[in-house]
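What follows is a set of notes on a single structure, which appears directly below.
Structure, rendered in structure tokens:
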């Protein structure tokens, strides 16, 4: 009966243990879910932090690109300003050239008027000379007719003289052969001589008239040649005046077209012209300006439109830059605030953990000392070294300690963190493996002390650590390849064993 009661109590204890295991399994699952949730939150926070950092990097890169575009726009803006300055200089030079051309136009107009007056006088003189030449030609024709008449008269006289000579000879023959009296022949001879003298006188007069007519003809010819020479001279002058007039007309039309294209009025330009305008000096100045323009190379006629476009783009980029600068300043302010808060919290946490480590290390080791030390001055990027001095040893870093000393030092550090911010539970996986019995005892006592605030779940093969546990869950293998989980409530088992 006693054995049956024991079996019943053991069965009941086993059922309770199984219920406790189920309860612990449910708690473990809850803790696992909480751990997973915390892990997800940590991952999400890390992702958000990475996203913020990536966004900040993008903003910085974008700011750099915008700054580069702004610098490029400023360079283009300076180039456009220089081009505009050169264009203004060219415009001023063009206006000055237009003023010079306007004054030159006035001079040309005055010269044209003077040329027209000279041309009219030359035409009048040419008409007068033409009339004189016509009169001289008419007189020449008249004198030529008189000369021809005189020549015909001389020819007639010569024929009469020849006839008289023949008559004389005939009379002389007749006289020698005739029987007429001498007086009659003498009378006829005298008559014939008188006629001859009269004909010779007429012939001399005619010859004198012919000489006079020849002299007048020579004078008329000289006058005609002089008039033709003057006419050719006047005709050449008229042609030069005509060519000069046409050139002035072309220049006038060119200047008028230039003024029209530049949207200037001739009257306005004339009013702005100085009184002492000197065309040669202005022409030299125009040539110098043309040489300067040629050295400048081709002019960008679309510079003003490009300047307006670049100005609009610059204003847009300036606005974006201001927005980005504001956003960047806000982010930098937030980052500075976060960094400041992080530094403060890190410093506060570091100091508190350091105090906890300095308190727990002697309790774990049964003496000695340990403290935390920063490896750098920047709290955000610094590392942390653990300086430990176990009992009977020199102060050194954790790297120089043995495996058990490293484990105890790590336990002291973890527990000091748990004291600062206790978690719902803590899992320890064979932490006591490198410890001897004495150190395991100190480790167990520390876990026992902290179990009032933190629930410990630890895996161990050490009997001293197992004695600490309130619940034991063992894995056995009654059959090869088949594992069984056995759960034991140590307190109930002890009470059952005591009874």
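Numbering (the numbering used here), first residue to last: 70 to 568.
From the three backbone atoms N, C-alpha and C, an ideal C-beta is built for every residue, glycine too.
When the Cα atoms are used, residue 330 and residue 302 turn out to be separated by approximately 42 Å. CA-to-CA, the gap between residue 432 and residue 511 works out to about 7 Å. Per the DSSP secondary-structure output, residue 525 pairs in a beta bridge with 495. Nearest to residue 500 by alpha-carbon distance, out of 531, 490, 494, is 531. Boundaries of the alpha helix (DSSP H) around residue 509: 506 to 519.
Secondary structure at residue 556: strand, using DSSP grouped into helix, strand and coil.
Straight through space, the alpha carbons of residue 448 and residue 128 are spaced by roughly 25 Å. Distance from residue 478 to residue 430 at the Cβ level is roughly 7 Å; contact confirmed, criterion being Cβ atoms closer than 8 Å.
Pairing residue 523 with residue 443, the inter-Cα distance amounts to about 29 Å. By the Cβ criterion, the region 453 to 465 is not in contact with the region 540 to 547, since fewer than three pairs of Cβ atoms, one from each stretch, lie closer than 8 Å.
The Cβ atoms of residue 473 and residue 504 lie closer than 8 Å to each other. In the DSSP assignment, residue 473 falls within the alpha helix (DSSP H) that extends over 472 to 489. Exposed is the label assigned to residue 140, since fewer than 16 other Cβ atoms lie within 10 Å of its Cβ. Within the same chain, and ignoring the five residues on either side of residue 546 in sequence, the residues whose Cβ sits closer than 6 Å to its Cβ are 552.
With a threshold of 16 other beta carbon atoms within 10 Å, residue 508 meets it and is buried.
In the three-state scheme derived from DSSP, where H, G and I count as helix and E and B as strand, residue 452 is classed as coil. As DSSP reads the structure, residue 291 sits in no beta bridge.
In the three-state reduction of the DSSP assignment, residue 323 falls in the helix class.
Annotated three-state conformation of residue 550 is coil, per DSSP.
The beta carbon of residue 491 sits closer than 7 Å to those of 522, 523, all from its chain and outside the five residues before and after it, given in chain order. Nearest to residue 464 by alpha-carbon distance, out of 476, 471, 437, 445, is 437.
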